[in-house]
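To start, the structure itself, in structure tokens.
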Amino acid sequence: MPQIEVLANSTSIRAPGYTLVPDHGQGTVQAAVQPTVGRNKRGTRFAGTAGADTTVAQQNAVLKHLTDLDKDSQRDVQIVVPSKQRESAGKVQKKTTTNVRRILMSQKTFANHLADEEAFLALQQQHPSSAAPRVPALKPSRSTPNMKRSSTSEVQSTNGGPSQTGTVRAGGIVNSRAKDPLDDEPLLKSQVPSAPSDEVMEALLSGPALSYNAARAAPPPPGKPQRHFCEICGYWGTIKCMKCGARVCGLECKGAHDDGRCLKFYA
Amino acid sequence: MAPRQAKPVERLLPTQTLIIDNGAHTMKAGFATSTLRLEDCQAIPNCLAKDRGKHVWIGAQLEKCNDFGEIAFRRPVEKGFLVNWEAQKAIWDNTFFEKNAKLACDPQTTNLILTEAPNTPVSLQTNCDQVVFEEYEFASYSRCLGPSLNAYQDIQSLFGAPPRGHDLAALPAECLLVIDSGYSHSTVTPLFNGRPIQQAVRRLDIGGKFMTNYLKELISIRHYNMLDESYVMNEIKEAVCYVSQDFKRDLERTWKRTSISRKKAIGDERDIVVDYVLPDYNAHKHGFMRPHDPSPTAKMRKMGSMAGAGDVVEDYMTLGNERFTVPELLFSPGDVGMKQEGLPAIALQSLSGLPPGLWPAMLANILVVGGNSKIEGFMSRLETEIRQLAPSECVIRIARASDPIKSNWLGGAYLAADPAALKAVQVTREEYNENGSAWLGKVFSGAVRR
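So the protein sequences, as listed, match chains A and B.
Counting along the first sequence from 1, when you hit position 100 you're at 186 in our numbering, and nothing is skipped either side.
Counting along the second sequence from 1, when you hit position 401 you're at 1354 in our numbering, and nothing is skipped either side.
Here's what the structure looks like:
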């Protein structure tokens, strides 16, 4: 599922009276309707640092930071396969097929392969006829496990023992014990959802693999505030640098930040 | 080319089976035996490494290396996916196919079970198939998701059930939710009868590498510039990091200006702050952790070692909240601005792609594998959070594999020990030569049944 995210617009100017903001449900609208009157000049100048929203530049900085953290090594290292190794391998393997030669010579990185795959998927969507027959996508169930919490049934519906998995295979609940007169009591009815049929399971299991991007975990629901930490000592980042928007915990760390790490020296 | 005929050819597989769990950090490789011991599996660094003296080490040779200062790595597996076959071939040749190799074998008389990460791009899968059959010419081969092999293990005994009988040995676990937190990323894979439910696989882009880099960054700000010391940082991470059970409280406890009175109130607990003594490769000394020594003599010793005087030469750094803010990323990726949910919530995200009838069985059979699960406190935090998120009627049972790093491999060994099950998944080289690599890709993705 593509994730759509509204980026903050660096050119937007907060004018008193109205602003256009994405509506996330709660919080943001309220803040937008009541813009900070009297601090407009500063609000415009430090549009990114003063408000809760981040600027494009800051979001880019976060993304760059994340890619840096995902790197294998800090610098670009060039380690060639030792030539002795290559020779001996060449002697043993007398012939290589064209496919293998192409694969071994390939200097493609994962990013290249991923771009190829995305282009292929886009092509498939444009010309569905030429593509391989797609298995009809199973409709994901609307309800999430989290929503089940509100269910009124207090009956322990699962017994959790090793026999648990056995009940699923049988396609229903195997009730071996004697019939109890209280079994039909609606309050005591077990709310266990019925196990899916074999056809449903087969359709699920034979579904195609998701693409790399589709399998990425979804973002948390909006409303949960992001935690900020002091970039010097790691304690709660309660103070924001007015120049660059970095977080620090107190004056001492602010001093350290200004000395060496403030990104906007002459701002 | 002769027309294909539907003749039932009796396929006989060789008896020797090689299982490779080709991870980004280490590859877990070994031959399957009937004893099913973890000792048959070797974790071999899956990298080319260049040390300070410009010497290049290949894979298992790294055991003999004793200077890891400023060592640089080249890894054929990128983000969990086998990308660079030139480097991978060098490592495989060194491990399996050269004379006096560690796990020497003749591919023509060996079955290969090779794992891949979930959601591998198709082009990489095709490359992999072609190299295995056209370059190495293995007798038979199967490519499967690493987590899915776990289903063949005796899962119920991990949850406290008695060991299963021999009649059940070949049956894969019916419902299993595998949480695999490795070097490149963490994935959640639901399995049904040993087959992955691909539509419900989810991934968190944080793994051991990410956390090591984060720790490296924090220490480079607070102590020394460690940006080129990935290996040392990984060792420090493994030695000191732990998952906090109460993040806010631990953060307060490590605040540098925590007043003495408050320190006294919680003084009976073990102090979080520790010293890590850095390794000294000239003196062949390894790094180690020890309780924090706030006395001035310790500081003096450090100063002395910096000046080159003094008899005790050691260099250490004091680590406080770095110990738990780093693994905290697995549970709260938003702390570095990553727009993904934590690992427990991702397990629930994965479940939401399944029919509700499967949730109770999946939640009662959660298996955790991968090196990150060895971080102290990881399991209990995961269990607590899944318990909070999951439907209250469901029983949560969560277990860590006996050896979380080699668990995928061991599952493969169980699979290989059963000839009928093995034959069902393996594709022989003759079949490949007859049908081609596009067909093979469909077989492994389940689109074509044989």
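Yeah, the Cβ is synthetic: ideal placement off N, Cα and C, and Gly gets one too.
The structure displayed is predicted, hence computed values, not measured ones.
A straight-line Cα-Cα distance of about 33 angstroms links B/LEU966 and B/PRO1115.
Secondary structure at A/GLU203: helix, using DSSP grouped into helix, strand and coil. Of the candidates B/LEU1204, B/ALA1370, B/THR988, B/PHE1026, the residue whose Cα lies closest to the Cα of B/ASN1187 is B/PHE1026. Listed along the chain, the chain B residues whose CB falls inside 8 angstroms of the CB of A/GLU203 are PRO1074, VAL1075, SER1076.
By the Cβ neighbour-count rule, B/GLN1083 is buried, with 16 or more other Cβ atoms within 10 Å of its own.
In the DSSP assignment, B/ALA1043 falls within the unbroken alpha helix (DSSP H) covering 1038 to 1045. No Cβ of chain B is located within less than 8 angstroms of the beta carbon of A/ASN146. Shown here for B/PHE1050: same chain residues with a beta carbon closer than 8 angstroms to its own, the five before and five after excluded, namely ALA1057, CYS1058, PRO1060, TYR1089 in chain order. The alpha helix (DSSP H) runs of length 4 or more contained entirely in the segment 1054 to 1097 of chain B are, from start to end of the chain, 1075 to 1083. When only Cα atoms are considered, B/TRP1208 and B/ALA1343 end up about 34 angstroms apart. In the DSSP assignment, B/TYR1195 is bridged to B/GLU1329. The beta carbon of B/VAL1226 does not come within 8 angstroms of any beta carbon belonging to chain A, so the residue lies off that interface. Contact note: B/VAL1154 reaches chain A through ALA295, LEU296, ALA301, using a C-beta cutoff of 8 angstroms and chain order.
In the three-state reduction of the DSSP assignment, A/SER292 falls in the coil class, being assigned neither a helical nor a strand state.
In terms of CA proximity to B/LEU1320, B/SER1134 leads the group B/ALA1002, B/PRO1071, B/SER1134. In this structure, the straight-line span from the alpha carbon of B/LEU1001 to that of B/ALA1317 is close to 41 angstroms.
For B/GLY1006, same chain residues with a beta-carbon under 8 angstroms away, outside a window of 5 residues either side, are ASP1020 in chain order.
Proximity of chain B to A/LEU155 at the Cβ level (cut-off 8 angstroms) is accounted for by PHE1163, ASN1166, TYR1167, GLU1170, VAL1289, in chain order.
Annotation: the continuous beta strand (DSSP E) that includes B/GLY983 extends over 979 to 984. Rounded to the nearest whole angstrom, the C-alpha separation of B/TYR1136 and B/PRO1372 is 32 angstroms. Put simply, the CB of B/TRP1038 is near chain A, with a gap under 8 angstroms to one of its CB atoms.
Among the residues facing chain B, A/GLY331 is not included, as its CB has no counterpart in that chain under 8 angstroms away. The three-state reading of DSSP puts B/TYR1184 in helix, counting H, G and I together.
Taking a beta-carbon distance threshold of 8 angstroms, B/GLU1275 counts as an interface residue toward chain A. In the three-state reduction of the DSSP assignment, A/PRO267 falls in the helix class, which pools H, G and I.
Residues of the segment 1076 to 1106 of chain B with a Cβ closer than 8 angstroms to any Cβ of chain A, in chain order: SER1076, LEU1077, ASN1080, GLN1083, VAL1084, GLU1087, GLU1088. Considering only B/ASN1047, B/LYS1042, B/ASN1037, B/ILE973, the residue with the shortest C-alpha distance to B/ILE1066 is B/ILE973. CA-to-CA, the gap between B/ALA1043 and B/ALA977 works out to about 15 angstroms. Taking B/LEU1015 as the centre and dropping the five residues before and after it, the same chain places the C-beta of PRO998, ALA1002 closer than 7 angstroms to its C-beta, in chain order. Taking CB atoms only, B/GLU1031 has a neighbour in chain A less than 8 angstroms away.
Apart from sequence neighbours up to five positions away, the residues of its chain that approach B/ALA1040 with a beta-carbon distance below 7 angstroms are LEU1001, ARG1027, PRO1029, ordered along the chain. Spatial neighbours of B/LYS1190 in its own chain (CB-CB distance under 7 angstroms, excluding positions within 5 residues in sequence) are listed in chain order as MET1164, THR1165, LEU1168, VAL1279.
In the pairwise beta carbon analysis, the segment 1142 to 1149 of chain B is classified as not touching the segment 1288 to 1298 of chain B: fewer than three pairs are separated by under 8 angstroms. Beta-bridge annotation (DSSP): B/TYR1269 is paired with B/VAL1230.
Approximately 6 angstroms separates the beta-carbon atoms of A/LEU291 and B/ILE1150; this is inside 8 angstroms, confirming the contact.
For B/ALA1298, the enclosing alpha helix (DSSP H) starts and ends at 1296 to 1304.
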